[in-house]
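A short write-up of the structure that comes next.
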Amino acid sequence: GTRAAPDGHTLFMTTVSASAVVPPHMNPPPFDIHRDQTAIALAATVPLVVVVPNSSPARDLRGLVEHARANPGALNYSSSGVATQQHLAAELLAARSGARMTHVPFRGTGQAVNEILAGRIDLAIDTFPTYLPHIREGRVRALATTMPRRIEWLPDLPTVAEARFPGFEAPDFDANVWYMLMGPAGLPAAVTERLAASVNRALNDPTLRPRIRDAGFIPGGGTSADAAALLRRDAERYAALIRAAGIRME
36 GTRAAPDGHT LFMTTVSASA VVPPHMNPPP FDIHRDQTAI ALAATVPLVV
86 VVPNSSPARD LRGLVEHARA NPGALNYSSS GVATQQHLAA ELLAARSGAR
136 MTHVPFRGTG QAVNEILAGR IDLAIDTFPT YLPHIREGRV RALATTMPRR
186 IEWLPDLPTV AEARFPGFEA PDFDANVWYM LMGPAGLPAA VTERLAASVN
236 RALNDPTLRP RIRDAGFIPG GGTSADAAAL LRRDAERYAA LIRAAGIRME
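Take the position in the sequence shown, starting the count at 1, then add 35; the result is the number in our numbering.
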């Protein structure tokens with residue numbers, strides 16, 4: 036995708052992990068995330084939720100964090116792999132709260148979900164659509180969403196940013212999975228803007244928009260400049276987190 040001709044005929048839908056977070060930390064990096072791709076438009080965002088098994092003593096985020104602080108390294112959390120958004124969201128929570136937790140990466144989401152349902156994993160911060168049926172059926176307990184605002188599907192679920200208690204205040208807490216339409220390097224600005232306009236039209240389509248929301252996605256949109264700024268922001272903040280947490284790519 037990144038090596039295709041910049042004619043607007045080869046495009047790719049990519050994620051925050053694949054286009055902003057992981058490549059710079061691979062040895063060697065497979066491509067330069069700023070020079071070798073052109074951000075066109077944000078397609079959609081998937082919220083993440085903090086979930087614990089029903090057997091957990093934690094009734095809210097404060098209870099979880101205070102339990103983790105009192106027992107450094109004792110609580111474990113699942114993800115579908117090293118430097119995935121699940122992993123980084125949990126590291127971000129740990130960094131902001133001073134809680135030390137143990138990462139247990141699995142080879143995919145399915146196995147991680149089963150471990151939470153069985154109560155063998157203490158918590159997960161994972162994509163909202165993955166856990167929605169389990170939350171609604173009472174098989175897991177949702178404590179918070181990592182989005183900056185509450186999510187329409189679970190309006191009573193507080194955000195991490197809303198939580199304030201001694202030693203924890205993170206009003207700007209924001210972690211999610213986004214999908215972005217990208218083109219190869221050197222895509223002419225006129226082509227980029229035309230494609231961004233097409234994405235915005237599609238996302239505002241009255242038949243498509245509800246289907247996106249029904250799947251648990253927040254429709255995106257905006258300009259290519261907005262998309263490029265989002266890519267740069269997340270690349271920088273997650274790079275700092277990866278360095279601070281000493282995360283190594285496998």
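Cβ coordinates follow ideal geometry from the N, Cα and C atoms, glycine included.
Roughly how far, in whole angstroms, is the beta-carbon of Ile68 from the beta-carbon of Met217, given that I think they are within contact range, below 8 Å? As a working note, residue 68 is residue 33 in the sequence shown. As a working note, residue 217 is residue 182 in the sequence shown. Not quite, the Cβ-Cβ distance comes to about 10 Å (not below 8 Å), so this is no contact.
Using 8 Å as the cut-off, can you tell me whether the segment 255-270 makes contact with the segment 216-231, which would need three or more C-beta pairs spanning the two stretches below that distance? Because the criterion of three Cβ pairs below 8 Å is met, the segment 255-270 and the segment 216-231 touch.
Tell me the DSSP secondary structure of Pro351 in three-state form. No answer is possible for residue 351: the residues shown for the chain start at 36 and end at 285.
Provide the residue(s) that pair with Arg176 in DSSP beta bridges, ordered along the chain. The residue given as residue 176 occupies position 141 in the sequence shown. In the DSSP assignment, Arg176 is bridged to Val87.
So who's on the other strand from Gly256, going by DSSP bridges? The count along the sequence shown starts at 1 and reaches residue 256 at position 221. Answer is Leu77.
Using C-beta distances below 7 Å, list every residue in its chain close to Leu167, excluding the 5 sequence neighbours before and after it, in chain order. On the sequence shown, position 132 is the one that residue 167 refers to. Correct list, in chain order: Trp188, Gly251.
Alpha-carbon to alpha-carbon, Ile151 and Leu192: Against the sequence shown, residue 192 aligns to sequence position 157. Against the sequence shown, residue 151 aligns to sequence position 116. Distance from the CA atom of Leu192 to the CA atom of Ile151, rounded to whole angstroms, is 19 Å.
Give the C-beta separation of Val212 and Val81 to the nearest angstrom, bearing in mind that I take them to be a contact with Cβ-Cβ under 8 Å. As a working note, residue 212 is residue 177 in the sequence shown. As a working note, residue 81 is residue 46 in the sequence shown. About 4 Å separates the beta carbons of Val212 and Val81, which is inside the 8 Å limit, making them a contact pair.
Which value, in whole angstroms, describes the spacing of the CA atoms of Asn106 and Ala179? Translated into the one-based positions of the sequence shown, residue 106 becomes position 71. Translated into the one-based positions of the sequence shown, residue 179 becomes position 144. Within the model, the alpha-carbon separation for Asn106 versus Ala179 is close to 21 Å.
Where do the N-terminal and C-terminal ends of the beta strand (DSSP E) with Ala159 fall, by residue? Start at 1 with the first residue of the sequence shown, and residue 159 comes out as number 124. Note, Ala159: beta strand (DSSP E), 158-162.
State yes or no: is the C-beta of Ala118 within less than 8 Å of the C-beta of Val56? As a working note, residue 118 is residue 83 in the sequence shown. As a working note, residue 56 is residue 21 in the sequence shown. For Ala118 and Val56, yes; Cβs fall inside 8 Å.
Sequence-distant residues of the same chain with beta carbon closer than 7 Å to Thr162, five excluded per side: Stepping through the sequence shown from its first residue, residue 162 is reached at position 127. Around Thr162: Val81, Leu83, Val212.
Taking the alpha-carbon positions, what's the Ala263 to Ala40 distance? Taking the sequence shown and counting its residues from 1, one reaches residue 263 at position 228. Taking the sequence shown and counting its residues from 1, one reaches residue 40 at position 5. Ala263 and Ala40 have their alpha carbons spaced roughly 20 Å apart.
Please return the same chain residues whose Cβ sits closer than 7 Å to the Cβ of Ala279, not counting the five positions on each side in sequence. Counting from 1 along the sequence shown, the entry for residue 279 is found at position 244. Taken in chain order, the residues that qualify are Ala130.
For Asn235, the three-state DSSP class (helix, strand or coil): Counting from 1 along the sequence shown, the entry for residue 235 is found at position 200. DSSP, reduced to helix, strand and coil, places Asn235 within a helical segment of the structure shown.
Checking the sheet assignment: what are the DSSP bridge partners for Pro58? Taking the first residue of the sequence shown as 1, we reach residue 58 at position 23. DSSP, once it has assigned bridges, lists no residue as partnering Pro58.
Residue of Phe200, Tyr214, Tyr273 minimising C-alpha distance to Arg97: Start at 1 with the first residue of the sequence shown, and residue 97 comes out as number 62. For Arg97, the closest C-alpha among the options Phe200, Tyr214, Tyr273 is that of Phe200.
Using the C-alpha atoms, what's the distance from Ala232 back to Ala78? Translated into positions along the sequence shown, residue 78 becomes position 43. Translated into positions along the sequence shown, residue 232 becomes position 197. Going from the Cα of Ala78 to the Cα of Ala232 covers about 12 Å.
Starting from Asn111, trace the beta strand (DSSP E) in both directions and tell me its first and last residue. Numbered from its first residue, the sequence shown carries residue 111 at position 76. Unbroken beta strand (DSSP E) run through Asn111: 111-114.
Could you tell me how far apart the beta carbons of Gly43 and Leu222 are, in whole angstroms, since I believe they sit closer than 8 Å? Stepping through the sequence shown from its first residue, residue 43 is reached at position 8. Stepping through the sequence shown from its first residue, residue 222 is reached at position 187. Gly43 to Leu222, Cβ: 7 Å. Contact.
Delimiting residues of the beta strand (DSSP E) encompassing Gly98: On the sequence shown, residue 98 is found 63 positions in, with the first residue counted as 1. Run containing Gly98: none in the beta strand (DSSP E); it sits in the alpha helix (DSSP H), 96-105.
How long is the line joining the alpha carbons of Pro63 and Met284, rounded to whole angstroms? As a position in the sequence shown, residue 63 is number 28, starting the count at 1. As a position in the sequence shown, residue 284 is number 249, starting the count at 1. Computed Cα separation, rounded: 11 Å.
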